[in-house]
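Undergrad: In case it helps, my numbering puts the sequence shown at residues 183 to 535.
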Amino acid sequence: MWIKKRGHTCLMVSTMVSVVVLMLVLYGTFGSQQMGSSGLTQDYQLLGRPLYKLDLTWPRNPEVFSGQVFAVAVNQFTGVVYVAQRGDNVPKVLVFTTDGDFLMSWNTSTLEMPHGMFLADAASSNPTVWITDVGNGPYGHCIKQYSPSGKLLQVLGTPGKAGSGLNPLEFDQPAEIYVHESGDMYIVDGDGGMNNRLMKLSKDQEVLWMHAEKGQGLAQFYIPHSVTVDTSQRVWVADRGNKRIQVFNSITGDWLGTWGSCFTEDAPYSVRLTPDRKYFVVVQLNTNQISLLDAPPVGLIGQCRMVSVIQLAEEVKPHLVDLDLKTGALYVAEIGAQQAQKFTPFSLGGKFL
């Protein structure tokens, strides 16, 4: 892969030189157009600081994608990537290695319309895959736990019944789940359904706290779409319908702050933290962007600051992402392109420069 840096004219006046140098650092533009392993041209641009580059070798068998790709989840300990897709008569989950080899598909009838996916207990001998199902059929409106081979282990919610909001454990198009190493679960429920909720459940599925009011105010939601938890007891929620990210204390559920200035053109769809905890990876589907935002230090939320943008081609429609916590590799589920792609960090030894 080659990356071409566009030239900038440097003026001789010292004050103008400083301005140009600053613009180069903050807004430098890099472009790439290469032939991928699928034989299709991969178009994207890197705006700002170049932190990631496309891995054109992943996957080695792109022809196995046969539906709309909605979610990805990575087990960095076993080197396995799970990809969830939708469509008639297509396997709902494809399994690859992090090197790009296709391993298997799940031939399960228990998934209707997978939306979000999360890999729990990755370091244990019994890792599991959690998938939210937003289907309207007999298996939908649930959150499901599977073995790595696709065996259904547990179901949260009542299959086929959309929750009304009266019962916390009945869901209406649940968007995503994040399972903490403690076993506590954070769920955003309401991918277009009646519910607009963020809840925290204990590992025994007891409700520890919940925000369940629709609206534009503090701690209110409109289509909460993605959730992640950092190491500073903060919960970050992509509040898609309100074009913002809201932040909460993971222990008490108290509201801590809001980021909105970075999302004037399009809403955040996915939010994840890089392994070095320096950046949040945020996806904007309609503008076909993957953005990296500075992660604030403990005790500070402030306003968002965009550091780097991966500008994808038109109609790619990136939806949700996940990161390999060992190498920092970024995997992106793309609805429009009907594929998942891998981006690797510009780094030495798997660490960001």
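The beta-carbon is built from N, C-alpha and C at its ideal position, and this holds for glycine as well. For clarity, every value in this text was computed on a predicted model and none was experimentally measured.
With which residues is Gly516 paired in a DSSP beta bridge?
TA: The sequence shown places Glu at residue 516, rather than the Gly named in the question. DSSP lists Pro500, Gln521 as partners of Glu516.
Undergrad: Tell whether a beta-carbon distance below 9 Å holds between Val337 and Ala255.
TA: Not a contact, by the Cβ cut-off of 9 Å.
Undergrad: Which whole-angstrom value is the C-beta distance of Arg156 and Asp412, which I expect to be below 8 Å?
TA: Only positions 183 to 535 of the chain appear in this structure, which leaves residue 156 out of reach.
Undergrad: Using the DSSP secondary-structure output, state which residues sit across from Pro273 in a beta bridge.
TA: Note: Pro273 sits in no beta bridge, so no partner.
Undergrad: Taking the runs of the alpha helix (DSSP H) that are 4 residues or longer, which of them lie wholly in the segment 435-513?
TA: Listed in chain order, there is nothing to give.
Undergrad: Going by DSSP, which residues form a beta bridge with Asn257?
TA: The partner list for Asn257 (beta bridge, DSSP) reads Val262.
Undergrad: Is Asn565 helix, strand or coil when you go by DSSP?
TA: Residue numbering for the chain in the displayed model covers 183 to 535; residue 565 lies beyond these limits and cannot be assessed.
Undergrad: Between Ile427 and Cys486, what straight-line distance do the alpha-carbon atoms span, to the nearest angstrom?
TA: Near 9 Å, if we compare the C-alpha coordinates of Cys486 and Ile427.
Undergrad: Pick from Phe284, Asn271, Val275, Phe259: whose alpha carbon is nearest that of Trp240?
TA: It is Phe284.
Undergrad: DSSP three-state call for Glu352: helix, strand or coil?
TA: Residue state, collapsed to three classes: coil.
Undergrad: What does DSSP give as the partner residue(s) for Trp312 in the beta ladder?
TA: Trp312 is bridged to Phe300, Gln327.
Undergrad: Could you tell me whether the Cβ atoms of Gln250 and Gln523 are closer together than 9 Å?
TA: For Gln250 and Gln523, no; Cβs fall outside 9 Å.
Undergrad: Does Leu467 pass the burial test, meaning 16 or more other C-beta atoms within 10 Å, or should it be called exposed?
TA: With 16 or more Cβ atoms within 10 Å of its Cβ, Leu467 is classed as buried.
Undergrad: I'd like the list of long-range same chain contacts for Tyr515, defined as Cβ closer than 8 Å, with 5 residues on each side in sequence excluded.
TA: Per the sequence presented here, residue 515 reads as Ala, with Tyr not at that position. Within the same chain, Ala515 has close Cβ partners Val251, Phe252, Ala253, Val254, Val265, Ala266, Pro500, His501, Leu502, Val503, Ala522.
Undergrad: Assuming Pro241 is part of the beta strand (DSSP E), what are its boundary residues?
TA: Note, Pro241: premise wrong, no beta strand (DSSP E); not H, not E.
Undergrad: The beta strand (DSSP E) that contains His362, what's its start and end?
TA: Segment: none, His362 is in no beta strand (DSSP E) and carries neither H nor E.
Undergrad: Quick test of your reading: Gly443 and Ala420, contact by CB under 8 Å. State the CB separation rounded to the nearest angstrom.
TA: Inspection of the sequence shows that residue 443 is occupied by Ser rather than by Gly. No, Ser443 and Ala420 are not in contact; Cβ-Cβ is about 15 Å, not under 8 Å.
Undergrad: When you compare only the Cα positions, how much space is there between Met376 and Gln471?
TA: Roughly 28 Å between the two C-alpha positions.
Undergrad: Go ahead and label Ser408 buried or exposed: buried means 16 or more other beta carbons lie within 10 angstroms of its beta carbon, across all protein chains shown.
TA: Buried.
Undergrad: How long is the line joining the alpha carbons of Lys235 and Trp288, rounded to whole angstroms?
TA: Roughly 30 Å between the two C-alpha positions.
Undergrad: Give me the DSSP bridge partner(s) of Leu390.
TA: Paired residues: none, contrary to the question.
Undergrad: Do Pro406 and Ala477 come within 9 Å of each other at the CB atom, strictly closer than that value?
TA: No.
Undergrad: Who are the near neighbours of Glu294 in its chain, counting only those whose CB is closer than 6 Å to its CB and skipping five residues on each side?
TA: So the qualifying residues of the chain are Asp315, Gly317, Gly319, Tyr321, Gly322.
Undergrad: Counting pairs of Cβ atoms below 8 Å between the segment 224-231 and the segment 259-279, do you hit three or more?
TA: With a cut-off of 8 Å, the segment 259-279 and the segment 224-231 do not count as touching, because too few Cβ pairs lie within range.
Undergrad: To which residues does DSSP link Pro406 through a beta bridge?
TA: In DSSP, Pro406 forms a bridge with Asp421.
Undergrad: Taking Phe284 as part of the beta strand (DSSP E), name the residues at either end of that continuous run.
TA: 284-288 is the span of the beta strand (DSSP E), which, as asked, contains Phe284.
Undergrad: From the DSSP output, in three-state form, read off Leu233 for me.
TA: Reduced to three states, the DSSP call for Leu233 is coil.
Undergrad: By Cβ distance, which residues of its chain are closer than 7 Å to Glu496, with the 5 residues on each side in sequence left out?
TA: Here the set comprises Asn470.
Undergrad: Which residues in the same chain have their Cβ closer than 7 Å to the Cβ of Asp354, if we skip the five residues on either side of it in sequence?
TA: Correct list, in chain order: His323, Ala344, Gly345, Asp371, Gly372, Gly375, Met376, Asn377.
Undergrad: What is the DSSP secondary structure of Ala357, reduced to helix, strand or coil?
TA: Here Ala357 sits in strand by DSSP.
Undergrad: Give me whichever residues DSSP pairs with Thr158 in a beta bridge.
TA: Lying before the first or after the last residue shown, residue 158 is absent from the chain, which here runs from 183 to 535.
Undergrad: Residues in the same chain with beta-carbon distance under 7 Å from Ser257, minus the five sequence neighbours each way, listed in chain order, please.
TA: One detail in the question is off: residue 257 reads as Asn in this sequence, not Ser. For Asn257, where only same-chain residues beyond five positions count, the Cβ hits under 7 Å are Leu301, Ala304, Pro309.
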